[in-house]
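Q: To get the numbering used here, take the position in the sequence shown, counting from 1, and add 34.
In this text, a Cβ means the ideal position worked out from N, Cα and C, and glycines have one as well.
One structure, pasted below without further comment.
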Amino acid sequence: MLKALKETREHTKSYYAATANWQTRYPTVEGNVSVDVCVVGAGFTGVSSALFLAERGYKVALVEANRIGWGESGRNGGQVIGGIGHDATKFKRWIGDQGVRAIREMGIECVEVIRERVEKYNIDCGLTWGLCEVGLKERHIRDFMEAKEEEEALGYPHRLRLLNAEEVRGLIHSDLYCGGLLNETGAGQVHSLNLCIGEARAAEKLGAKIFEQSRVEKIVYGKRPKVITERGSVEADHVVLCGSGYQENLVPRLARRVLPAASFLIATEPLGKRAHDIMARPMAACDPRTALDYFRLSADNRLIFGGMSNYTGLAPTNVTRTMQQKMLTVFPQLKGVKIEHTWGGQMGIGLNRMPQLGRLKGDNVYYVQAFSGHGVAPAHIMGKLVAEVIGGQAERFDVFSKIKHLPFPGGRVLGRPAFALGMLYYRLKDLL
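Following this line, the structure appears as structure tokens:
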């Protein structure tokens, strides 16, 4: 049975919210605020944009409808993985070979942004390195071989190692996988909410004004656009919209091009020494299916297990039981282990699975959305591109803005079941 996703989205149920270093309590927007740049949405994209802009000396207001990291940025699997979009070559007719290469290079750089941020601002977020992509079928291993060759041809600076089934079992103690691709130092895991809050605090120390519980109701376009909230407004030279799957119908044109889709996670009780029965060491792992499983051992030795992505806007009646059954398929040795946290969130999905960047009226209102469930690292490089374009360097931003993004046929109401059927096709392919 299914029920409305809203019931599974209380932020207090998430492992991240329960273990956050600091509870944000920023003020709401009151009266009229005037800045150089107003960033709407305080997930990774918005916070990264605000910090990059503050580093350049801009007066920034960061406006969030709930709390810092309240949306998917504070509820995801915490996997720091490079790459942007699913296949940049599909867009070569719009961006050319140089554009394809630029996107691939930014797919490497996005991870380095997080590495540098954490070190520069001493952010306590449990960032550790190590990712194993695991294969369930021989064709997955062939795909890993091809991906390794492509990355190495591009000059990827980290060693990638193909693993056979026995080598994977030495790292991940499951009989499910026939091989894998190990990245020791170029991908990893993080406490997502602590990272997001840490970056927001860094921006605040550089002078950014941060506002929470300030839902944006309207944008007035013009030479200095104005963002209207429930109790005030922010006027700026530039506005950046970073709400993605949570932006709703603020800009109808954007809403038609992004579909909020659900993903769910559980976290076990601390496993103590039993953690060694799961993995040889704390690291992240995922498989390559459309509706993939992804999991990791956290810094406090819990297994965080996620997946069950769906595009219906509905959740199973018992998310905990459903996710626990999936976890036990991978790790039957965890039978009887208590599940202490269950949560879900909305990721913004685009039809072509490539992030959407562009300008709205007057060319001084920008938007970034639709990371399609792969945004922890890519959202960080997008913040850098936002700062570049506002600073007069539009080349990298425009690589993305040249890509065409079609609206979902029938909008969100009719588009959701149509897209769910489309994704069912790919899930059936996963079974072959």
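Any heavy atom of the ligand MN closer than 6 Å to the beta-carbon of Ser406?
A: This structure simply doesn't include the ligand MN, nor any ligand for that matter.
Q: Can you tell me whether Val254 is buried or exposed, with buried defined as 16 or more other CB within 10 angstroms of its CB?
A: Mapped onto the sequence shown, residue 254 falls at position 220. Val254 comes out exposed.
Q: Please confirm if the segment 289–296 is in contact with the segment 367–377, defined as three or more CB-CB distances below 8 Å between the two stretches.
A: No, they do not touch.
Q: Which value, in whole angstroms, describes the spacing of the CA atoms of Ala99 and Asp311?
A: For the purposes of this step, residue 99 is taken as residue 65 along the sequence shown, with counting starting at 1. For the purposes of this step, residue 311 is taken as residue 277 along the sequence shown, with counting starting at 1. The straight-line gap from Cα to Cα measures roughly 42 Å.
Q: In whole angstroms, what is the alpha-carbon distance linking Leu227 and Ala76?
A: If you number the sequence shown from 1, residue 227 lands on position 193. If you number the sequence shown from 1, residue 76 lands on position 42. Roughly 11 Å between the two C-alpha positions.
Q: In whole angstroms, give me the CA-to-CA distance for Pro412 and Ser107.
A: Counting from 1 along the sequence shown, the entry for residue 412 is found at position 378. Counting from 1 along the sequence shown, the entry for residue 107 is found at position 73. Approximately 12 Å, taken between the alpha carbons.
Q: Could you tell me the alpha carbon to alpha carbon distance between Gly277 and Tyr401, rounded to whole angstroms?
A: Within the sequence shown, residue 277 is the residue found at index 243, counting from 1. Within the sequence shown, residue 401 is the residue found at index 367, counting from 1. The alpha-carbon atoms of Gly277 and Tyr401 are separated by roughly 9 Å.
Q: Per DSSP, Pro294 forms a beta bridge with which residues?
A: Stepping through the sequence shown from its first residue, residue 294 is reached at position 260. Bridge partners of Pro294: Gly382.
Q: Compute the Euclidean distance between the alpha carbons of Val423 and Glu153, then round it to the nearest angstrom.
A: Here the question's residue 423 lines up with position 389 in the sequence shown. Here the question's residue 153 lines up with position 119 in the sequence shown. Answer to the nearest angstrom: the Cα atoms are 25 Å apart.
Q: Measure the alpha-carbon distance for Tyr50 versus Thr162 and round it to whole angstroms.
A: To locate residue 50, count along the sequence shown from 1; it is residue 16. To locate residue 162, count along the sequence shown from 1; it is residue 128. So the two alpha carbons sit approximately 16 Å from each other.
Q: Is the CB of His120 under 7 Å away from at least one CB in chain D?
A: Absent from the structure is chain D; it holds one protein chain and no more.
Q: Using a Cβ distance threshold of 8 Å, determine whether the segment 118–130 contacts the segment 171–181, with at least three qualifying pairs required.
A: With the cut-off at 8 Å, the segment 118–130 and the segment 171–181 do not touch.
Q: Taking 7 Å as the cut-off, decide whether the C-beta atoms of Gly119 and Met313 are in contact.
A: Locating residue 119 in the sequence shown gives position 85, counting from the first residue. Locating residue 313 in the sequence shown gives position 279, counting from the first residue. Cβ distance not < 7 Å, so Gly119 and Met313 don't count as in contact.
Q: Between which residues of its own chain and Glu303 is the CB-CB distance below 6 Å, once the five residues before and five after are set aside?
A: Against the sequence shown, residue 303 aligns to sequence position 269. Contacts found: Lys372, Glu374.
Q: For the alpha helix (DSSP H) that contains Arg308, what are its first and last residues?
A: In the sequence shown, residue 308 corresponds to position 274, counting from 1. Arg308 -> no alpha helix (DSSP H), and no H or E assigned at all.
Q: Is Tyr280 near Gly111, with beta carbons less than 7 Å apart?
A: Along the sequence shown, read from residue 1 onward, the residue named residue 280 stands at position 246. Along the sequence shown, read from residue 1 onward, the residue named residue 111 stands at position 77. No, the pair does not count as a contact, with Cβ atoms beyond the cut-off.
Q: What's the gap between the Cα of Ala428 and the Cα of Leu419?
A: In the sequence shown, the residue the question calls residue 428 occupies position 394. In the sequence shown, the residue the question calls residue 419 occupies position 385. The straight-line gap from Cα to Cα measures roughly 8 Å.
Q: For Ser48, which of helix, strand or coil comes out of DSSP?
A: Numbered from 1 along the sequence shown, position 14 holds the residue referred to as residue 48. Of the three classes helix, strand and coil, the one that applies to Ser48 here is coil, per DSSP.
Q: Between which two residues does the beta strand (DSSP E) holding Phe329 run?
A: Against the sequence shown, residue 329 aligns to sequence position 295. Segment 328–331, the beta strand (DSSP E) holding Phe329.
Q: Buried or exposed for Asp397, going by 16 or more other Cβ atoms inside 10 Å?
A: Numbered from 1 along the sequence shown, position 363 holds the residue referred to as residue 397. Classification for Asp397: exposed.
Q: Return helix, strand or coil for His192, following the three-state DSSP convention.
A: Taking the first residue of the sequence shown as position 1, residue 192 is located at position 158. In this structure, His192 counts as coil in the three-state DSSP scheme.
Q: Where in the segment 79–106 do unbroken runs of the beta strand (DSSP E), each at least 3 residues long, occur, reported from the N-terminal end onward?
A: List check, beta strand (DSSP E) in window: 94–97.
Q: Under three-state DSSP, which class holds Leu36?
A: Here residue 36 refers to the residue found at position 2 of the sequence shown. Model confidence at Leu36 stands at a pLDDT of 35, short of 50, so the residue's coordinates are unreliable; what they give is reported in the following sentence. Reduced to three states, the DSSP call for Leu36 is strand.
Q: By DSSP's criteria, Lys154 is part of a beta bridge. Which residues make up the other side?
A: For the purposes of this step, residue 154 is taken as residue 120 along the sequence shown, with counting starting at 1. None; Lys154 has no bridge partner.
Q: Only counting the same chain, and skipping five residues up and downstream in sequence, which positions put a Cβ closer than 7 Å to that of Ala54?
A: Translated into the one-based positions of the sequence shown, residue 54 becomes position 20. Closer than 7 Å at the Cβ level, and outside the excluded window around Ala54, lie Leu227, Asn228, Ile231.
Q: Give the DSSP-derived three-state secondary structure of Glu218 in the structure shown.
A: Mapped onto the sequence shown, residue 218 falls at position 184. Correct three-state label for Glu218: strand.
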